[in-house]
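By the count of UniProt numbering, the sequence shown reaches residue 371 at its end, each step adding exactly one. Taking it in order: structure first as structure tokens, then the write-up.
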Amino acid sequence: SEDNLLVGKDHLQGGALTFLNNSTTSHANSDFRLMNRTPTNQTGTRKYHIDRSNGGYELLLANDIDNSNPAVQAEQLNWLHFMMNIGSIMANDPTANFDGLRVDALDNVDADLLQIASDYFKAAYGVDKSEANAIKHLSYLEAWSANDPYYNKDTKGAQLPIDNALRNALTNLLMRDKNTRMQLGDMTAFINSSLNPRGANDKNGERMANYIFTRAHDTEAQTIIQRIIRDRINPNLFGYNFTRDEIKKAFEIYNADINTAHKTYASYNLPSVYALMLTNKDSVTRVYYGDLYREDGHYMAKKTPYFDAIDTLLRARIKYVAGGQDMEVKKVGNDGLLTSVRYGKGANNRTDWGTAETRTQGMGVIMTNNY
């Protein structure tokens, strides 16, 4: 890698290959082999400094693709158009087209590709013309770097970056066991640690587009299976190189752990996590399949213990969650108590009368994390 901060780190596959121009393989040389041109370092000069790294590996899965090559970028655009219109093209069925996309590993490719995708969505769907258009065609960035949201903002990106500060706060202060989470801070982080702070002095400030989640296929899911295998099945495990038998045994342990009150591996307080995410203003929530259904076995065959709670919260979000928001944490005895109130459509603060519609909307969340 060109970035010395990455040298010696194995990442996913136990190593990363860097392909360089060489006179002995001149047929494979390229004038466009520009490495690690991530959102932080798109031009070759670092522009953002919240995250001190340049991003991830250019060749994350050892794919020798010149992501900076105009011909490759043109093919990426062709492929994007094909995928977004796959129903119309393959079956003359526009109802089978995709509405949006998720850009995987965006810190591992040339950031030009992000702007190409963004420009496509603006041209094809007018996502920059109205909120309605944007909502119809949401796209998400796997934007782990703290620099990525600011790159997306500066380039007027048509995609949503992760609110990773809030994701970390929710994970650490709700999903960990009690002894761990009480050592990692207090619930004011739910208000202040965010791309869009929600305290009294900040809630009306400039807002940044974002989405939020706490679990995904490779975050607080695959990592849990890895830990179970290493702890209970194969102490010599290397990276994520599981066998099918190891995965099967690990899920037996994990599924049993979900059902216990005192968990060893599974996450705590997932309904509380979703209660905050789904009632927060100025954010889009991404729901994880594995929080609704068991992750092994047949598709949607077995519900988790959290299905009913999350399903109820999703329906409540549609019906009641609108208007302004106030959040605060107060001390009650030895515990912190967080309150979050959405006032309903037409009311932006606690003194607004709103309309008749406001009277049938609004939603409150009250929680502590000390149990």
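We treat Cβ as the ideally placed atom computed from N, Cα and C, and that holds for glycine. Fair warning: this is a prediction, and the values are worked out from it, not measured in the lab.
Annotated three-state conformation of Ser267 is coil, per DSSP.
His137 places its beta carbon less than 9 Å from that of Asp99. In summary, Lys281 is buried, with 16 or more beta-carbon neighbours lying within 10 Å of its beta-carbon over all protein chains present. Scanning the region 147-230 for uninterrupted alpha helix (DSSP H) segments of 4 residues or longer gives 148-154, 164-170, 178-181, 189-192 and 222-228, listed from N- to C-terminal end. Within the DSSP secondary-structure output, Glu328 pairs in a beta bridge with Thr339. Classified as exposed, Lys303 has fewer than 16 neighbouring CB atoms from the shown chains inside 10 Å of its CB.
By alpha-carbon distance to Met363, the top candidate from Lys153, Lys330, Leu337 and Leu314 is Leu314. Here Leu60 is not near Met84, since their CB atoms are 9 Å or more apart. If the five residues before and after Gly157 are omitted, its C-beta is found closer than 6 Å to the C-beta atoms of Ser118, all from its own chain and listed in chain order. Remark: C-beta atoms of Leu170 and Ser283 do not approach each other more closely than 9 Å. Sequence-distant Cβ neighbours of Ala322 in its own chain, meaning closer than 7 Å and more than five residues away, are Arg342, Gly344, Lys345 and Gln361. Pairwise C-beta distances place the region 108-118 in contact with the region 36-47, as three or more of them are shorter than 8 Å.
Between Pro149 and Leu195, the beta carbon gap of about 6 Å places them in contact (Cβ cut-off 8 Å). Look at the beta carbons and you see the region 218-234 touching the region 242-249: at least three pairs across the two are nearer than 8 Å. With fewer than 16 other Cβ atoms from the protein chains shown falling within 10 Å of its own Cβ, Lys331 counts as exposed. Taking Val273 as the centre and dropping the five residues before and after it, the same chain places the C-beta of Leu170, Leu174 and Thr214 closer than 6 Å to its C-beta, in chain order. Membership of Val365 in the beta strand (DSSP E) is indicated by the continuous run Met363 to Met367.
Taking the CA atoms as reference points, Asp296 sits about 31 Å from Gln159.
Closest option to Asp291, judged by alpha-carbon separation, among Phe307, Asn78, Asp104 and Ser30: Phe307. By the C-beta density criterion, Lys47 is exposed, having fewer than 16 other C-beta atoms within 10 angstroms.
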